[in-house]
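**Student:**
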Amino acid sequence: STANILLRVNSIEVIYNHVILVLKGVSFSVPEGGVVALLGGNGAGKTTTLRAVSNLLHGERGEVTKGTIELRDERIEALTPAELVKRGVIQVMEGRHCFAHLSIEENLLTGAYTRSDGKAAINETLEKVYAYFPRLKTRRSSQAAYTSGGEQQMCAVGRALMASPRMVLLDEPSMGLAPQIVDEVFGIVKDLNQKEGVTFLLAEQNTNMALRYADFGYILENGRVVMEGAAKDLAANEDVKEFYLGLS
Ligand code: ATP
């Protein structure tokens, strides 16, 4: 059914610097309450796709030149990142981007900047984030610069949650993290999805790990979707096993 589609990306093309065609007609959809993974190797176009959705291409001298992006029934290609945040679409960028000089708690609170529902409600969300990420509670007063890579990734996801998002776009959450920490981060993502109903769209090179936690996956290659399917079907597919499961 199409009734529960939250995000629909329709044949988008993205060009960088007016000449470099990077996405060559990418289509996919994300159901409300789903966890969808964009997979594929280095340079396949995953980050570009997320940036297209959250309208963060301009800073990179990129633009969507064809196709449409819809959130429910609304066209969103022309919305600013701030307008997207208001609609509950929050992107966690690759490389984490915590404010190094701020404490973990200060970092988390910056995620609530667009909310106008008051301090009490914001504190309630903060306690919720700490319930999902007990490590962040322990480290709440630590300067982010002195926390581990895993803690910084958790902080970046926690900060996104402070905005009370409907959908979180996660770019390469596993990058640079030990497998055990990746498991911990993905486990919490799955929990947030199931208990809070947050929809996730993630870009991952770590196909193996992503397919363990996602419901559905799209494999990108050279700016095109070359394969799509239920996560368990992709994980069992011989071509996927041969070409992608070794990547990480
Ligand atoms: P990665 O895991 O390396 O981030 P990816 O699948 O996310 O890979 P993209 O970062 O979307 O891939 O890059 C897709 C292609 O676009 C690559 O060929 C890359 O070199 C090119 N590209 C990315 N950003 C720019 C830019 N700002 N200007 C020009 N080309 C770019």
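Anchor point for the sequence shown: position 70 equals 71 in the UniProt record's numbering, and the numbering is continuous, going up by one each time.
Note that CB positions come from ideal geometry on N, CA and C, so glycine has one too.
Mind checking whether the beta-carbon of Tyr219 lies closer than 7 Å to any heavy atom of the ligand ATP?
**Tutor:** No, the Cβ of Tyr219 stays beyond 7 Å of every heavy atom of the ligand ATP.
**Student:** Using only CA atoms, which one of Leu24, Ser12, Tyr219 and Glu14 lies nearest to Val36?
**Tutor:** For the residues Leu24, Ser12, Tyr219 and Glu14, the minimum Cα distance to Val36 belongs to Tyr219.
**Student:** Consider the C-beta atom of Glu18 and the heavy atoms of the ligand ATP; say whether any pair is separated by less than 7 Å.
**Tutor:** It is Asn, not Glu, that sits at residue 18 in the sequence shown. Yes, the beta carbon of Asn18 sits closer than 7 Å to at least one heavy atom of the ligand ATP.
**Student:** Ser12 and Ser28 look like a contact to me (Cβ under 8 Å); what is the Cβ gap, rounded to whole Å?
**Tutor:** Their Cβ separation, rounded to whole angstroms, is 5 Å, which keeps Ser12 and Ser28 in contact under 8 Å.
**Student:** In the DSSP output, what is Gly218 paired with across the bridge?
**Tutor:** Note: Gly218 sits in a beta bridge opposite Ala38 and Gly230.
**Student:** Under 8 Å, do Thr200 and Leu51 count as touching if we go by C-beta distance?
**Tutor:** No, the Cβ-Cβ distance between Thr200 and Leu51 is not below 8 Å.
**Student:** Rounded to whole angstroms, what is the Cα-Cα separation between Leu40 and Pro174?
**Tutor:** So the alpha carbons of these two residues sit roughly 12 Å apart.
**Student:** For Tyr245, I'd like the list of residues in its chain whose CB is within less than 6 Å of its CB, leaving aside the five on either flank, ordered along the chain.
**Tutor:** Thr208.
**Student:** Does the count of Cβ pairs from the segment 80 to 94 and the segment 160 to 171 closer than 8 Å reach three?
**Tutor:** Yes, they touch.
**Student:** Along the chain, where does the beta strand (DSSP E) that runs through Phe201 open and close?
**Tutor:** That run of the beta strand (DSSP E) goes Thr200 to Glu205.
**Student:** I need the DSSP call for Glu95, collapsed to helix, strand or coil.
**Tutor:** If DSSP states are grouped into helix, strand and coil, Glu95 belongs with coil.
**Student:** Using alpha carbons as the reference points, say which of Val241, Leu109, Ala122 and Ala145 lies closest to Tyr131.
**Tutor:** Out of Val241, Leu109, Ala122 and Ala145, Leu109 has the C-alpha closest to the C-alpha of Tyr131.
**Student:** Hey, is Lys48 close to the ligand ATP, as in C-beta under 7 Å from one of its heavy atoms?
**Tutor:** The sequence shown places Thr at residue 48, not Lys. Yes, the Cβ of Thr48 comes within 7 Å of a heavy atom of the ligand ATP.
**Student:** Can you tell me whether Pro140 is helix, strand or coil according to DSSP?
**Tutor:** The residue you asked about is not Pro; residue 140 is Arg in the sequence shown. Here Arg140 sits in coil by DSSP.
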